[in-house]
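Residue numbers (this note's numbering), protein chains in the order written: chain S, 121 to 662; chain W, 9 to 84. Glycine is no exception: its CB is placed at the ideal position from the N, C-alpha and C atoms.
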Amino acid sequence: MGGYNQYNQEILDDNSKLYDFKPNLVILFIDTKSLLGDVFFNYYQLSEEEKNILFESHTKQIKLLADKVSRNLNCKVVLHNLEVPINSPLGIIDNKQKLGLIEFVKNINHEINKHYKENEKVFIFDYDLFCSKHGKENILDYKMYYLGDIKINFKYLPNLCEEYISYIKPLLLLTKKCIVLDLDNTMWGGVVGEDGLEGIKLGPTPEGRPYLEFQKHILSLFNRGIILAVNSKNNPEDALSVFRNHPHMILKENHFASIKINWNDKISNMKAIAKEINIGLDSIVFFDDDKLNREMIKTALPEVMVVDMPEDPSLYSKTLTGLNEFNSFNFSEEDRKKGQMYADQRKRQNFKETTKDITEYLKALNMVVTLEKANSFNIPRIAQLTQKTNQYTMTARRYFEEDIKRFSALADYLIFSAKVEDKFGDNGITGATIIKKSKKAWSVDTFLLSCRVMGRGVEEAMLARIIEEAQKEKVLTLIGEFIPTEKNIPAKDFYKKSGFKLIENKKNLKKWEFSVNKGYQYPKFIKIEKNGKTKKNIIQSS
Amino acid sequence: MEKLKKILSKVLKIDENSITEKTSPDTVDTWDSFNSLMLVSELENEFGVKFTIDEVVKIKNVGDIIEVLRKYKINI
Numbered sequence: 121m122g123g124y125n126q127y128n129q130e131i132l133d134d135n136s137k138l139y140d141f142k143p144n145l146v147i148l149f150i151d152t153k154s155l156l157g158d159v160f161f162n163y164y165q166l167s168e169e170e171k172n173i174l175f176e177s178h179t180k181q182i183k184l185l186a187d188k189v190s191r192n193l194n195c196k197v198v199l200h201n202l203e204v205p206i207n208s209p210l211g212i213i214d215n216k217q218k219l220g221l222i223e224f225v226k227n228i229n230h231e232i233n234k235h236y237k238e239n240e241k242v243f244i245f246d247y248d249l250f251c252s253k254h255g256k257e258n259i260l261d262y263k264m265y266y267l268g269d270i271k272i273n274f275k276y277l278p279n280l281c282e283e284y285i286s287y288i289k290p291l292l293l294l295t296k297k298c299i300v301l302d303l304d305n306t307m308w309g310g311v312v313g314e315d316g317l318e319g320i321k322l323g324p325t326p327e328g329r330p331y332l333e334f335q336k337h338i339l340s341l342f343n344r345g346i347i348l349a350v351n352s353k354n355n356p357e358d359a360l361s362v363f364r365n366h367p368h369m370i371l372k373e374n375h376f377a378s379i380k381i382n383w384n385d386k387i388s389n390m391k392a393i394a395k396e397i398n399i400g401l402d403s404i405v406f407f408d409d410d411k412l413n414r415e416m417i418k419t420a421l422p423e424v425m426v427v428d429m430p431e432d433p434s435l436y437s438k439t440l441t442g443l444n445e446f447n448s449f450n451f452s453e454e455d456r457k458k459g460q461m462y463a464d465q466r467k468r469q470n471f472k473e474t475t476k477d478i479t480e481y482l483k484a485l486n487m488v489v490t491l492e493k494a495n496s497f498n499i500p501r502i503a504q505l506t507q508k509t510n511q512y513t514m515t516a517r518r519y520f521e522e523d524i525k526r527f528s529a530l531a532d533y534l535i536f537s538a539k540v541e542d543k544f545g546d547n548g549i550t551g552a553t554i555i556k557k558s559k560k561a562w563s564v565d566t567f568l569l570s571c572r573v574m575g576r577g578v579e580e581a582m583l584a585r586i587i588e589e590a591q592k593e594k595v596l597t598l599i600g601e602f603i604p605t606e607k608n609i610p611a612k613d614f615y616k617k618s619g620f621k622l623i624e625n626k627k628n629l630k631k632w633e634f635s636v637n638k639g640y641q642y643p644k645f646i647k648i649e650k651n652g653k654t655k656k657n658i659i660q661s662s
Numbered sequence: 009m010e011k012l013k014k015i016l017s018k019v020l021k022i023d024e025n026s027i028t029e030k031t032s033p034d035t036v037d038t039w040d041s042f043n044s045l046m047l048v049s050e051l052e053n054e055f056g057v058k059f060t061i062d063e064v065v066k067i068k069n070v071g072d073i074i075e076v077l078r079k080y081k082i083n084i
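Structure follows, in structure tokens:
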């Protein structure tokens with residue numbers, strides 16, 4: 121890449137090696153001392169006006185560099201903020217000045233942070249916080265700094281790399297979705313089967329607090345969308361009574377998407393959990409205080425990330441919060457609710473097993489499906505669904521937010537999302553369709569459902585809505601496309617089952633036709649809501 | 009000498025047997041300014057010492073390293 125201290129030239133020159141290399145991620149580390157130069161030492165010789173001008177020019181320059189990289193490369197940019205100095209020549213009255221040196225640097229950080237808050241490509245890495253975390257007294261090895269202009273003690277390079285990896289993991293889709301927990305000596309201290317409900321350590325005592333806080337941290341991850349499960353060798357009655365009756369238990373049964381408390385081996389339980397939740401083993405992080413159990417899982421299921429839990433429970437929380445496995449570059453309302461949605465799914469499954477047949481089950485679910493036209497609220501989620509849905513998707517066409525925005529502004533597109541709720545909770549927006557309109561026929565470009573709501577008539581409700589709209593506009597024909605992929609077998613027969621006629625049968629593309637006049641019934645057991653936030657839009661455009 | 013050779017070989021990616029007191033940046037291509045610093049860092053960690061900046065600057069070859077380590081009562 122570029123030479124020493126050549127970052128300005130590399131970034132500003134459109135023909136530089138940086139742009140030639142086309143990286144997927146660029147990390148921009150601008151050092152406070154290098155940026156400020158002699159101002160770092162003679163800051164207080166400047167007039168107030170000069171300080172303000174300098175502030176403007178530095179923030180402008182940093183923004184210019186980051187913007188230029190992200191525009192030229194269309195990649196993620198990780199932009200370091202500046203290390204705030206720990207000394208000022210004015211000492212204890214630095215912050216009594218109109219714009220103190222320390223405040224000056226902090227303000228640059230603040231301004232840059234504010235500027236990129238809504239930006240989807242530039243991410244601020246809080247390097248100042250990183251330095252604080254490891255101690256600003258130690259972060260610079262002065263000898264190395266003078267010898268080779270080394271800005272960070274070699275000792276902390278691995279830590280810095282770890283921080284960078286936090287950005288690389290979501291880029292390569294290597295992040296985790298689910299935490300699987302052991303119970304005895306992991307969620308609480310002691311063995312409930314031996315010590316009893318009153319004997320276990322959990323609560324506001326010195327030996328109970330580590331477990332209490334650990335659970336609180338787990339809960340906060342659940343509330344940001346991480347799925348939870350239990351894998352414990354225990355007597356189910358004993359263990360469940362802790363969830364139900366212990367006054368200090370933070371996590372409850374309804375936080376868990378899968379609960380395996382039995383005397384089976386932990387490996388088969390782990391596999392069953394992955395199957396039940398329908399996630400890969402490589403999406404799982406496992407917490408178990410028992411070293412043997414951990415080794416067993418590590419050996420048998422190497423895809424599972426097994427956390428090396430410390431002996432001392434007072435270090436559990438530190439271990440958990442130190443993980444960088446749960447990062448993502450964006451965060452939708454659906455992501456936030458994911459943990460809850462998966463937990464609701466378990467209740468749904470239990471309920472399904474107690475009902476006689478599928479019709480009775482679907483009826484008793486009291487489903488409400490809200491079909492909503494594309495709007496600023498659901499567009500990000502629609503794009504996300506096109507990116508992520510692999511099983512129930514007719515064409516598996518992938519779109520970005522900008523694409524959906526563009527389509528939705530055009531008159532010849534009809535786009536809507538399907539939100540699914542039932543007596544067990546809100547599944548959120550789990551279906552979407554994109555229709556390309558022409559006078560003679562409408563063509564279904566995209567038709568997809570998240571696997572969470574497959575087989576519950578939501579697809580029929582969506583199709584009924586499309587046909588209803590087509591009838592309103594006096595369109596005669598609806599064309600359904602199917603592009604086979606390795607994974608979309610569940611969607612293969614939907615058009616056939618719905619009364620479509622096969623009109624084109626190529627290996628890579630099948631086209632199905634439906635005469636709109638025939639009409640199509642909404643499923644009786646689903647309540648359809650069209651009067652969401654966008655009722656007006658629907659009426660205006662139809 | 010054994011431990012020192014190991015460190016030199018690891019940092020500079022050279023054969024341990026090729027190392028003598030005369031080995032220097034002039035005789036080893038990989039012994040550049042950055043690897044010099046890596047070497048200082050590794051030596052400090054492995055022998056549990058902290059060199060002064062003057063000591064580091066004076067090092068011109070492996071013999072010099074041995075001399076500095078002796079000052080810290082490390083016998084090579």
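Count Cβ pairs between the stretch 488-497 of chain S and the stretch 533-540 of chain S that sit closer than 8 Å; are there 3 or more? yes
Look at Glu-52(W) and Lys-58(W) and say whether their C-beta atoms are less than 9 Å apart. yes
Check the DSSP bridge columns for Val-488(S) and list the partner residues they point to. Glu-541(S) and Lys-647(S)
Hey, Leu-277(S) and Tyr-247(S): beta-carbon distance below 9 Å or not? no
Gly-268(S): contacting residues in chain W (beta-carbon distance under 9 Å): Ser-41, Phe-42, Ser-44 and Leu-45
Return the residue from the list Phe-407(S), Leu-174(S), Val-300(S) and Leu-371(S) that minimises the CA-CA distance to Leu-156(S). Leu-174(S)
Residues that Val-64(W) contacts on chain S, provided the C-beta gap is smaller than 8 Å: Lys-263 and Leu-267
So which residues of chain S does Ser-26(W) contact, with C-beta pairs closer than 8 Å? By Cβ distance, chain S contributes nothing, its closest Cβ being about 26 Å from Ser-26(W), past 8 Å.
Report yes or no: is there a C-beta of chain W within less than 9 Å of the C-beta of Phe-274(S)? yes
Could you confirm whether any beta carbon from chain A is found closer than 9 Å to the beta carbon of Ser-17(W)? No chain A appears in the structure shown, which is made up of the protein chains S and W.
Return the chain-ordered list of same chain residues with a C-beta closer than 6 Å to the C-beta of Phe-449(S), the five sequence neighbours on each side being excluded. Pro-290
Complete beta strand (DSSP E) runs within the stretch 215-267 of chain S (minimum length 3 residues, chain order): 242-245
Within the 9 Å Cβ cut-off, does Val-76(W) reach chain S? no
Can you name the residues of chain S whose CB is closer than 7 Å to the CB of Ile-61(W)? Lys-263, Tyr-266 and Leu-267
I want to know whether the stretch 313-326 of chain S touches the stretch 420-432 of chain S - three or more CB-CB distances under 8 Å. no
Less than 9 Å between the C-beta atoms of Asn-389(S) and Asn-351(S), yes or no? yes
If you compare alpha carbons, which of Ala-552(S), Ala-531(S) and Ile-288(S) is closest to Lys-559(S)? Ala-531(S)
Nearest candidate by alpha-carbon position, reference Tyr-462(S), set Pro-330(S), Lys-297(S) and Gly-316(S): Lys-297(S)
Would Val-36(W) pass as an interface residue toward chain S - the criterion being a Cβ-Cβ separation below 9 Å? no
What is the residue span of the beta strand (DSSP E) that Glu-63(W) lies within? It is not in any beta strand (DSSP E) - Glu-63(W) instead sits in the alpha helix (DSSP H) that spans 61-66.
Taking 9 Å as the threshold (C-beta atoms), are Gly-345(S) and Gly-442(S) in contact? no
9 Å Cβ cut-off: residues of chain S touching Ser-32(W): Within 9 Å Cβ-Cβ: nothing; Ser-32(W) doesn't reach chain S, min ~17 Å.
So Trp-632(S) and Ala-590(S) are in contact, right, with Cβ under 8 Å, and what is the actual spacing, rounded? Contact doesn't hold; Cβ gap of about 14 Å is too wide.
Check this for me: beta carbons of Val-564(S) and Leu-598(S), under 9 Å apart or not? yes
Check whether the stretch 162-169 of chain S touches the stretch 130-142 of chain S, taking contact to mean three or more Cβ pairs, one atom from each stretch, closer than 8 Å. no
Is there at least one Cβ from chain S nearer than 9 Å to Val-70(W)'s Cβ? no
Per-residue burial, Pro-209(S) [other beta carbons within 10 Å of its own, 16 or more giving buried]: exposed
Run the CB neighbour count on Ala-375(S), radius 10 Å, all protein chains shown included, and call it buried at 16 or more, exposed below. Note that residue 375(S) is His in the sequence shown here, rather than Ala. When all chains shown are included, His-375(S) counts as buried.
Cα separation between Lys-79(W) and Tyr-124(S)? 35 Å
Buried or exposed by the 16-neighbour rule on C-beta atoms within 10 Å, applied to Arg-572(S): buried
Where Asn-413(S) falls, given that 16 or more other Cβ within 10 Å makes a residue buried: buried
Tell me, please, which residues DSSP counts as bridged to Cys-298(S). Ile-347(S) and Ile-404(S)
Taking just the CA atoms, how far does Ile-379(S) sit from Gly-316(S)? 20 Å
For Ile-524(S) and Ile-222(S), the rounded distance between their alpha carbons: 45 Å
Does any CB atom of chain S fall closer than 9 Å to the CB of Val-57(W)? no
Who does Phe-376(S) pair with in a DSSP beta bridge? Leu-348(S)
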